[in-house]
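What follows is a single structure, written as structure tokens, with notes after it.
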Amino acid sequence: MFFSRKDARVLTSAVAGLAALGFASAASAKVDGDTIILGSAISLTGKYSTNGIHAQNGYELAVKMINENGGVKVDGKTYKLKVVYYDDESTPARGAQLAERLINQDGVKYMLGPYSSGLTKAIAPVTEKYKIPMVEAEGASRSLFTQGYRYMFAVLSTSEQYLASSIALAAEIAKGNGKDPSDVKIAMAFENDPFSLDVRAGVVDDAKKYGMKIVIDDKLPRDLSDMTATLTKTKALKPDLLVVSGHSKGAATAARQIAELRIETPMVAMTHCEAAKIISQFGAGATEGILCPTQWSETLSYKDDLFGTAADYDALFKKTYDGYKNVPYQAAQATAAVMVWKDAFERANSFDTEKLRDALAATDMSTFYGNIKFSEAGNNIAKPMVLRQIQDGELKVVAPTKWASSEVRYPRKPSY
Amino acid sequence: MLDNLQILIAAPALAADLLIQGVFIGAIFALVAYGLALVWGVMNVKNLCQGDYVIVGGYIAYLMAQSGINPILALPIAFVLMFMFGWVVYLAVIRRVVDRDMFTSLLATFGLALLIAQVLNLIFGPEVRTAEAGFGTFFMADGLIAIQWVRLISLGLAGALALGIVLFMRHSRMGRAIRATAQDPRAARVLGVNTDQVYAFTYALNAAICGAAGVLVSLIWVIQPYFGIVYSIRAFVIVTAAGLGNLPGVILAGFGLGVAENMSAFLLGAEFAVAAVVSMLLIVLIYRQIQLYRVRQVVR
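Sequence lines, in order, name chains L and D.
Under our numbering, the first sequence is numbered contiguously, ending at residue 615.
Under our numbering, the second sequence is numbered contiguously, ending at residue 291.
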């Protein structure tokens, strides 16, 4: 043996060091000829793969449309966009590694976000460290916006807004029926995880504002999906509003058990109705009247010059990608994130990351996805959360009233 | 907590409802734990992919529901398919680790658990799935007691399955061979028992029981490729609480866990359900230590 094991280790690290140097020279590849390169670690496999792929499709559709319609104009020259992706396997640790790799090895200077709050939480510290601006579209947790991140911007509404609109709606209905909003009794069941607890915090804040009474406040364990104890309590205490949030598992369990136990609460709101496909799984009758928040709906009257109206985007997306019956909002907001980048490049008229950061911070635009304007913390404060109701097996926008396409049905009249 | 107790006192029917629902939940855990106790007791293999067999069974029911067949009929099919699958896994993996130390079998079955979850994810995707038997619910005491038919049927099927296995273990030739091997594999071998076959059969039987439980899980709750661990953990808790080699105890502990979990979810709030159950396990273990200590003193 010529080398001892220690020698071999020294040699390997020397080779790795050389390789790193080689990559470092490639670091100027942020703009490659007439192409601006964006980077994203996204979940293409693992438990978030479905939504990760929706997001990737959203990014790609935006890139395609921007490139086909005049590209991005910086300093009198026209550039095309391209996104470099890595699969983060739905694991935060891998996501953080890949963000390092995108920035250090591939020289990416402009980032798009990953899928989910968890992954965004893992990647944001990396982009902050290297002062690389990131526009993210899939991390809604409000804890992302309390860290003082300077280089992260999010186009979507934050998680505490998800079900807060149902509280406002309940108050509105109570007033309409000649009752005081403070008479409204609320039952809450939230999964014990960061996202759902954020959603809960928003509900609690708004309930307090109206002086409503919270009669049940259950935090469902993360593992087992049984809600019978909570629903039994609901039967005994007869609240006016039942709110549930626990990802797809929570939505599927709640929809099934609400029907099985014939819960007669006049108003029920839950997150993830669409992801859990509760209408097709449990039937239009059993899910009638359930309120579902969404970031975006194709029936909204938002529009822009690139995609046209929300409905135009919907049609184009379905034409471009096979197998979509409904366009998920995860795709729409990913598209919006790329549009924010284009807008920022053109306003900054530069490739300098600091100038771009300032341009991003000053974003104020209208898109098919909604208006986009960032707060100091980086979250979008110009777009409200939309509330849809299941009416005869279809999701109809019922709140906010400004964009509502249908009247809210109260009380809900399911047929179990 | 007190106001929740007041609700129960005011409406005792609700307490009955919680008890019944707890028994339903417990029945499924009892099945999964029974399989684990079998494999643990006979082969001394701590099967960490227990829950993943449950999920595979759930997907068999889901597939049948998708093709328009009532998923309750998936029970015998899942039983048979998972029996074969268990036998194959025994020949491929478990056989090589059965005589090794504890960590080898833990690692091997943990690897299997990861593998099964990832393969399921590749085939079915990460979405949450359910299978609908469409049996409805019947109500008693002014709607305060709700009994889902599918849960009642599950309880009956779980009971029948458990009874069948107990009878099989007691009276059949294979059952006796399994018990003999559990007592002393070397002596069993000397007396002409083909222990390799007994191990294969035991492991396959465990997979089959889990598969059947999985069908019931998909009918009652939801399945997803990564939910197996929930059932693995609970099976371990139940077997530990009941004590190894105490098969009737495992079934009782399964029911106890279900009822305790449901009751504490109502009284203390859902977030404390698991904590309450784990605290009870702790008390059982401490109590058993005290008892053992007494025995040790007598022996001394």
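Glycine is no exception: its CB is placed at the ideal position from the N, C-alpha and C atoms.
Against chain L, does residue i count as a neighbour if the rule is that its beta carbon must be under 7 angstroms from one of theirs?
{"i": "residue 212(D)", "result": "yes"}
{"i": "residue 6(D)", "result": "no"}
{"i": "residue 116(D)", "result": "yes"}
{"i": "residue 121(D)", "result": "yes"}
{"i": "residue 100(D)", "result": "no"}
{"i": "residue 221(D)", "result": "yes"}
{"i": "residue 198(D)", "result": "no"}
{"i": "residue 257(D)", "result": "yes"}
{"i": "residue 19(D)", "result": "no"}
{"i": "residue 27(D)", "result": "no"}
{"i": "residue -2(D)", "result": "yes"}
{"i": "residue 171(D)", "result": "no"}
{"i": "residue 42(D)", "result": "no"}
{"i": "residue 128(D)", "result": "yes"}
{"i": "residue 265(D)", "result": "yes"}
{"i": "residue 217(D)", "result": "yes"}
Taking only beta-carbon atoms, is residue i less than 7 angstroms away from chain D?
{"i": "residue 222(L)", "result": "Low confidence applies here, because residue 222(L) scores a pLDDT of 45, under 50, leaving its location unreliable and the question unanswered by this model."}
{"i": "residue 451(L)", "result": "yes"}
{"i": "residue 422(L)", "result": "yes"}
{"i": "residue 229(L)", "result": "no"}
{"i": "residue 318(L)", "result": "no"}
{"i": "residue 240(L)", "result": "no"}
{"i": "residue 391(L)", "result": "yes"}
{"i": "residue 429(L)", "result": "yes"}
{"i": "residue 459(L)", "result": "yes"}
{"i": "residue 674(L)", "result": "One cannot answer for residue 674(L) here, as it falls past the ends of chain L, which runs 200 to 615."}
{"i": "residue 532(L)", "result": "no"}
{"i": "residue 140(L)", "result": "Nothing in the structure corresponds to residue 140(L), since chain L is present only between 200 and 615."}
{"i": "residue 248(L)", "result": "yes"}
{"i": "residue 656(L)", "result": "Because residue 656(L) is not part of the residues shown, which for chain L are 200 to 615, the question remains open."}
{"i": "residue 255(L)", "result": "no"}
{"i": "residue 447(L)", "result": "yes"}
To the nearest angstrom, report how far apart residue i and residue j are at their CA atoms.
{"i": "residue 586(L)", "j": "residue 119(D)", "result": "23 angstroms"}
{"i": "residue 273(L)", "j": "residue 499(L)", "result": "32 angstroms"}
{"i": "residue 168(D)", "j": "residue 96(D)", "result": "23 angstroms"}
{"i": "residue 255(L)", "j": "residue 530(L)", "result": "7 angstroms"}
{"i": "residue 372(L)", "j": "residue 486(L)", "result": "20 angstroms"}
{"i": "residue 222(L)", "j": "residue 303(L)", "result": "Note that residue 222(L) scores 45 on pLDDT, short of 50, meaning its location in the model is unreliable; the coordinates nonetheless yield the value given after this. Computed Cα separation, rounded: 8 angstroms."}
{"i": "residue 106(D)", "j": "residue -3(D)", "result": "48 angstroms"}
{"i": "residue 444(L)", "j": "residue 1(D)", "result": "29 angstroms"}
{"i": "residue 291(L)", "j": "residue 181(D)", "result": "54 angstroms"}
{"i": "residue 493(L)", "j": "residue 234(D)", "result": "49 angstroms"}
{"i": "residue 554(L)", "j": "residue 320(L)", "result": "24 angstroms"}
{"i": "residue 386(L)", "j": "residue 190(D)", "result": "51 angstroms"}
{"i": "residue 342(L)", "j": "residue 380(L)", "result": "29 angstroms"}
{"i": "residue 238(D)", "j": "residue 294(L)", "result": "45 angstroms"}
{"i": "residue 527(L)", "j": "residue 92(D)", "result": "50 angstroms"}
{"i": "residue 270(D)", "j": "residue 503(L)", "result": "58 angstroms"}
{"i": "residue 438(L)", "j": "residue 142(D)", "result": "26 angstroms"}
So residue i and residue j are in contact, right, with Cβ under 8 angstroms, and what is the actual spacing, rounded?
{"i": "residue 477(L)", "j": "residue 433(L)", "result": "Actually they are not in contact, since the Cβ atoms of residue 477(L) and residue 433(L) sit about 18 angstroms apart, beyond 8 angstroms."}
{"i": "residue 210(D)", "j": "residue 63(D)", "result": "7 angstroms"}
{"i": "residue 126(D)", "j": "residue 140(D)", "result": "4 angstroms"}
{"i": "residue 331(L)", "j": "residue 280(L)", "result": "With 8 angstroms as the limit, residue 331(L) and residue 280(L) do not qualify as a contact, their Cβ atoms being about 17 angstroms apart."}
{"i": "residue 354(L)", "j": "residue 536(L)", "result": "5 angstroms"}
{"i": "residue 220(D)", "j": "residue 138(D)", "result": "That pair is no contact at about 29 angstroms."}
{"i": "residue 245(D)", "j": "residue 20(D)", "result": "4 angstroms"}
{"i": "residue 173(D)", "j": "residue 80(D)", "result": "No, residue 173(D) and residue 80(D) are not in contact; Cβ-Cβ is about 20 angstroms, not under 8 angstroms."}
{"i": "residue 328(L)", "j": "residue 552(L)", "result": "At roughly 13 angstroms, the Cβ-Cβ gap does not stay under 8 angstroms, so residue 328(L) and residue 552(L) are not in contact."}
**Prompt:** Three or more C-beta pairs closer than 8 angstroms, one from the stretch 239 to 247 of chain L and one from the stretch 505 to 519 of chain L: is that the case here?
**Reply:** no
**Prompt:** Enumerated in chain order, which unbroken segments of the beta strand (DSSP E) with a length of 3 residues or greater are wholly contained in the stretch 64 to 91 of chain D?
**Reply:** none
**Message:** Restricting to runs no shorter than 3 residues, where is the beta strand (DSSP E) found entirely within the stretch 131 to 168 of chain D?
**Reply:** 136 to 139
**Segment contact, 8 angstroms Cβ cut-off, at least three pairs: the stretch 119 to 131 of chain D with the stretch 213 to 221 of chain D** = yes
**Message:** Give the list of continuous beta strand (DSSP E) stretches no shorter than 3 residues that lie fully inside the stretch 532 to 593 of chain L.
**Reply:** 563 to 566, 569 to 572 and 585 to 590
**Message:** Which complete alpha helix (DSSP H) runs does the stretch 216 to 289 of chain D hold, if anything under 4 residues is left out?
**Reply:** 219 to 233 and 238 to 259
**Prompt:** Is the stretch 56 to 74 of chain D touching the stretch 260 to 273 of chain D in the sense that three or more CB pairs, one from each, lie closer than 8 angstroms?
**Reply:** no
**Item:** At least 3 beta-carbon pairs within less than 8 angstroms: the stretch 392 to 402 of chain L vs the stretch 598 to 605 of chain L
**Value:** no
**Item:** Segment contact flag, the stretch 397 to 410 of chain L with the stretch 354 to 362 of chain L, C-beta cutoff 8 angstroms, min 3 pairs
**Value:** yes
**Request:** Would you check if the stretch 33 to 48 of chain D and the stretch 265 to 281 of chain D touch, i.e. whether three or more CB-CB distances between them fall below 8 angstroms?
**Result:** no
**Request:** Write down every uninterrupted run of the alpha helix (DSSP H) in the stretch 387 to 445 of chain L whose length is 4 residues or greater and which is fully enclosed by it, in chain order.
**Result:** 393 to 409 and 427 to 436
**Complete alpha helix (DSSP H) runs within the stretch 347 to 379 of chain L (minimum length 4 residues, chain order)** = 363 to 375
**Request:** Could you tell me whether the stretch 221 to 229 of chain D touches the stretch 16 to 33 of chain D, using the rule of 3 or more Cβ pairs below 8 angstroms?
**Result:** yes
**Request:** Tell me the start and end of each unbroken alpha helix (DSSP H) in the stretch 254 to 280 of chain L that is at least 4 residues and wholly inside, in chain order.
**Result:** none
**Inter-stretch contact (C-beta, 8 angstroms, three-pair minimum) for the stretch 298 to 312 of chain L and the stretch 264 to 273 of chain L** = no
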